[in-house]
Structures are given as C-alpha cells and as structure tokens.
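Chains as they are written, first to last, in our numbering: chain A, 63 to 356; chain B, 63 to 356. Backbone N, C-alpha and C define an ideal beta-carbon position, used for all residues, glycine too. Worksheet: one structure, shown below.
Number of protein chains: 2
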Amino acid sequence: MPNLNEAEFIAALRSLPLHPGSRGLMDDAAVLEFGGETLVLTHDTMVEGMHFLPSQDMADVAWKLVATNLSDLAAKGAQPVGILLSHMLGEDDDRFVSGLAEVCQHYNVPLLGGDTVSGDGTRVLGCTAIGRATHVPVPARSGAQIGDHLYVTGRLGEAMLGFEALRDGTGADSTAYRRPLARMAEGETLAPLVTAMMDVSDGLLLDAFRMADASETSFAIDTAAIPVADDARRMDCLTWGDDYELLFTLPADAHPPIPATRIGSVEPKGFASLFVDGEPVTNPQGLGYRHEAP
Amino acid sequence: MPNLNEAEFIAALRSLPLHPGSRGLMDDAAVLEFGGETLVLTHDTMVEGMHFLPSQDMADVAWKLVATNLSDLAAKGAQPVGILLSHMLGEDDDRFVSGLAEVCQHYNVPLLGGDTVSGDGTRVLGCTAIGRATHVPVPARSGAQIGDHLYVTGRLGEAMLGFEALRDGTGADSTAYRRPLARMAEGETLAPLVTAMMDVSDGLLLDAFRMADASETSFAIDTAAIPVADDARRMDCLTWGDDYELLFTLPADAHPPIPATRIGSVEPKGFASLFVDGEPVTNPQGLGYRHEAP
C-alpha cells in the first residue's frame, strides 16, 4: 500500500527545490524562459486499466497519450515543438506506432526521443511534450479575477458516452473517448485574452474547483448553460472528464473570439470554491469522476 | 508477448516524423535550438525488478532515477535546468521524496513538474531531464574520427560489485550501484574537445560498439588498459553496465584535461565494429550485461 496518497505526495514534493517555472506544481505545465523564448513542458503517464482499457486498440492509446499532452500545451497557448516517449514494450506495438504516426502527423509534431523498456505486468506509457509559448505571460490556472466570466469550449460528456460505447460494445461512436482532440488553435487564439485557462481533463466541475482555488476566488456555475452530450445525465457529463475542452475566464467586457459558452462568473472568495446552481461545494471529492480500473 | 522487440520498435519509430534534434533516435539525448540557445532533453524510465531491486531503499531509487538522466546530459556537456517526474505511487514514497531532495540538492537541479499516477503492479518511474548546452556543436556518439584515441573516465565494474553486495547482503559497499554519480563537470570540460562522447550505461564494450557503429568506424580496444574494480573478473566489469562513466574520443594529439584512461583507438570501418584485444566482435549480443529481473 502506498504510504502517501497523491495529494500528500505532491505536497511532499513541494519541500524540494522547485523551479519557479513549476508554478508550485499546481498548473498543467511548467513554463520557463530559455534563451529569448518561453518553453512550456508537460508530462502525462497512462496506466493500462486506469487510463485505457486493456482491450483497446493500441493505435488509439498512442493517439490519446500524445493528444492529452498536447492539450496541456493548448491550455498554455503553446505550439508543440516535439515529444519524448516513455514506452513499455508489449502487445500490438505495431498498432501503437501506427497511431503515433497518425497523431504526430495530425498535429505536425515530431518525435524527439525517449526511452523503451521491457515490463511483464501492467503497461505504463508516458509522454513529455515540449512547446513554445506564443504569448507571454503564459496563461495560468491562477489568474481568474473577480467579475470575470467563465467559459468552456465544446460539449461536455462526449468522452463519457464514447467510453461507455466502447466498454459495452454497443457500436455507438466512441471516437471522443478513443481519439480526443487537443484544442491547439483555440488555445493559441485565447492565450493573449484570457485571465486564466486550463484544459478539462478530470471533469468540468473538479477542474473549475481547482481553477477557482488556484485563483483564490469562487466560481458560480450555472449548469443549465453548459452544453452536454446527454441532457438526461447532465451531472455525469460535468463530472466524468476526458473531454479536453478548454476552461477559461475573460474580463466581463470581453467576448471569446472562438466558439465557447459562458457558464458562470468569478466571485470573491467565499466559504466555498464553487457554487453550482447556487449550491456551495467545499470539497472536491466526488466532483470529478475518477475512472478506476474497469 | 510483445510483437516487436526493442530494436524493431525503435526501427518502426524511425518511420514517424522525427525532429532533426532526435539525431535519428541514436544518441543519449535530443538536441535542439530554442530561443538562441541549445536545449538538451532526455528521458529514462526505471522498472521495478528490471532497473532496481524491489527490496531497495526508495531513496536510492530516486537518486538513481535522476542521476542516470543527468548522466545523459553530462555526456552532451549540458548543464541541468530542471526535471519532470513520472511517478507511480507505492510503498515508501516518503523515502522516495527524501532521496529526490538529496539528488536535486546535490546537482542543484530543481523540479519542474510531471505526473503522478496510481498503479497496482510493478512500479514504473520516469524522469525527463532538461539541460542547456554549454558548447555547440553538442557532442554526439557519431563523431569519432579515424586515428582518434578512445578514453574512459573512472573505473568500470564498481556498480556490478555494488549490486552483488546489495543482492547478497554481504555488507560490502554498494554505493556505486545505489547512488551512481553523473560526471557533470567532466562532461562540460570535455564537450569542446571531444569528437564523440556518450555515457556508459549498458556496459563499456556494448556502448563502445554502439559508438563505433554510430561513427561508422571500428574501435580497437585494449582491455588490459582499462581500470576495473576487480582484476579477476575483468570481462564482467566491462560488460555489466550501470557505471555512468564517460566514454569519449579525442584527436591523437590531444590530451584529456580531466582524469581518464586511454583504452583504444579509432580505425577505419572494418568487418567488425569492435576489436577487443585484437579479436573481432561483429555482434553486440552478449557484450553488455542486461540485468533482467533479479
């Protein structure tokens, strides 16, 4: 059994020498000056049974591994420079390489290197994405200002429906879960305008809670305003995650130059980080669906 | 069962869009221009039972994870800028953080970020190290020139003896295996002088074979000249790996400005990549000890 949970482990890491670009280990990516430009760095790891189904096509797994890392760059308005892979050899690596080729071509992102290891158990796959900031200061989670309006791109819950279709073999479209898209162009367009931005990976409400917390504000969210994939399961759609939409705040007098929906407002920090349809939420537990081993 | 072995997988990756800085996936690190400076990037992954003993102190595992990545930077003459961690939660993470603090302080390298995941099987830990080149062109494996002399730092086989002491509980010193040192200062001093350089991670003879191959030359090695930790087991010392010494070539009229031993010469590419005491070696199989699950 782990002797530290994730929050405790990350808290312990804060006792280390942290690079100022680590943003206190509270953002989607690290941001650092290098030469005369700004580097954006992120790493995501996917564990079989935890982040993907053992039965999934490895081409889809490769796509998702890269796209979710690029989504972190998108949330910083960064253009991808290249990726490093951490690959554990296993079944269907030819499919993995094929999916990798597709995602790299789609986003025009080249491979820089990485490491290949053997393993005899659960597969663990990692990706480090390197990006170049297109606008400084690079948007942070922590910049939301009182009075700002809160927006989200796209429609939430598509990944959840895709996952269920895949898991249950219904034949319904599972693309949103298998091959998420990173909103690179939208992130770049928004970066100079937003006060805060992040990608929605763990569920809209959980990620909004984190952004409100990081910004030392409260967010008031109107769930009826949020576009969802299934009206009958609105709360599931808002807590499931894996959608990789962009969540951002703009000053009240600004309007997003890309398709996005206003879903709430930024208020002074109250006793709760989030007010969901007027109901205070003080504990993030249960706000985000943690899809454990299926 | 994997359907591709490591060499086949890496060969398949070469069909992807590769960044020129990937150096054909044949070097210790990726090297790219960024903002008027040169970025050096590397990622290494360690698998429990494969790269460390399940019984090992996690503080030592953290040390080694970071030090081996820094060693790749050292081989490029790069100064560390920061690291990203890929961490799978597990037993003794407090010890892991403690070892991480020690290695980060020792090398004055800050944490930039990373990812933390849960897992229920074999632990897999990764590190991406980001460095700044101190000299361009950044040394490559592929630069050895006919007539150059081949050198290595330190004494080979120390890690092997350390591993055996640890595995067998003999009480003998196991530091060299548990807490390898990355030769940062030596790498930086050598970078402007060498024609080729790499770190010795998989065994001196195997790594020399790779450097000779990458340079399209043959290396003639005189094993009696190589400092080893145990004279009675010279070949074991030269094939075991994990020593993280620097292997490099210099023009015949140059002398290393740091302690190092001349162990051979660079010759025109013959039918064998390596001549070990005059004996040709055409196949790298068996040249490097692959320490599988103990």
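Under a 10 Å Cβ-count criterion, A:Pro-201 is classified as buried, with 16 or more other Cβ atoms of the shown protein chains found around its own Cβ. B:Val-214 places its beta carbon less than 8 Å from that of B:Glu-307. Between B:Asp-156 and chain A, the shortest Cβ-Cβ separation is below 8 Å. Considering only A:Gly-205, A:Thr-257, A:Ile-320, the residue with the shortest C-alpha distance to A:Met-246 is A:Ile-320.
When Cβ-Cβ separations below 8 Å define contact, A:Gly-175 makes contact with chain B. For A:Asp-89, the closest C-alpha among the options A:Arg-272, A:Gly-249, A:His-149, A:Ser-160 is that of A:Arg-272. Between A:Leu-146 and B:Thr-107 the beta-carbon gap is near 11 Å, outside 8 Å, which marks them as no contact. Between the region 203 to 222 of chain A and the region 166 to 181 of chain A there are fewer than three C-beta pairs closer than 8 Å, too few to call the two in contact. Each residue's CA atom was taken as its position, placing B:Glu-248 and B:Leu-267 some 21 Å apart.
Residue pairing of B:Ala-276 in beta bridges, as defined by DSSP: absent, with no partner found. For the pair of segments examined, the region 273 to 285 of chain B was found not to touch the region 224 to 244 of chain B: the number of CB pairs separated by less than 8 Å stays below three. Between A:Lys-138 and A:Gly-181, the gap from beta carbon to beta carbon reaches 8 Å or more. At a cut-off of 8 Å, the C-beta of A:Pro-64 has a neighbouring C-beta in chain B.
Contact check for A:Glu-68 against B:Leu-151 passes: the beta carbons are separated by less than 8 Å.
Within chain A, Gly-144, Pro-172, Leu-173, Leu-174, Gly-175 have C-beta atoms less than 8 Å from the C-beta of B:Ser-84, given in sequence order. Using a Cβ distance threshold of 8 Å, A:Thr-100 and A:Asn-131 do not count as a contacting pair. Using a Cβ-Cβ cut-off of 8 Å, A:Asp-275 does not count as an interface residue toward chain B, since no Cβ of chain B sits closer than that to its own.
For A:Gln-167, the uninterrupted alpha helix (DSSP H) segment begins and ends at 155 to 168. With a cutoff of 8 Å on beta-carbon distance, B:Arg-157 and B:Ala-121 are scored as near each other. Counting every other CB atom within 10 Å of its CB across the protein chains shown gives B:His-317 a total below 16, marking it as exposed. At a Cβ-Cβ threshold of 8 Å, A:Met-260 and A:Leu-252 do not count as neighbours. Taking the beta carbon of A:Glu-68 as reference, the chain B residues within 7 Å of it are Leu-151, Thr-178, listed in sequence order. When C-alpha distances from A:Asp-315 are compared across A:Gly-209, A:Leu-349, A:Gly-216, the shortest belongs to A:Gly-209. Interface flag for B:Phe-71 against chain A is set, since a Cβ pair is found closer than 8 Å. Using a Cβ distance threshold of 8 Å, A:Leu-228 and A:Leu-115 count as a contacting pair. Linking A:Leu-312 to A:Thr-279 through their CA atoms gives a straight-line distance of about 14 Å. When 8 Å is used as the limit between beta carbons, A:Leu-78 is near these residues of chain B: Val-159, Leu-162, Ala-163, Cys-166, Pro-172, Leu-173, in chain order. Of all residues in the region 176 to 201 of chain A, only Gly-176, Asp-177, Thr-178, Val-179, Ser-180, Gly-181, Asp-182, Gly-183, Thr-184, Val-186, Gly-188, Thr-190, Ile-192, Arg-194 come within less than 8 Å of chain B when Cβ atoms are compared, listed by chain position.
The beta carbon of A:Leu-75 falls within 8 Å of a beta carbon belonging to chain B, placing the residue at that interface. In the three-state reduction of the DSSP assignment, B:Tyr-213 falls in the strand class. By the rule that beta-carbons nearer than 8 Å mark a contact, A:Glu-250 does not touch chain B. When Cβ-Cβ separations below 8 Å define contact, A:Leu-228 makes no contact with chain B.
Remark: C-beta atoms of A:Thr-178 and B:Ile-72 approach each other more closely than 8 Å. From the listed residues B:Pro-82, B:Leu-87, B:Gly-86, the smallest Cα separation to B:Phe-96 is found for B:Pro-82. B:Met-112 and A:Asp-155 have their C-alpha atoms roughly 20 Å apart. For A:Phe-225, the three-state secondary structure derived from DSSP is helix.
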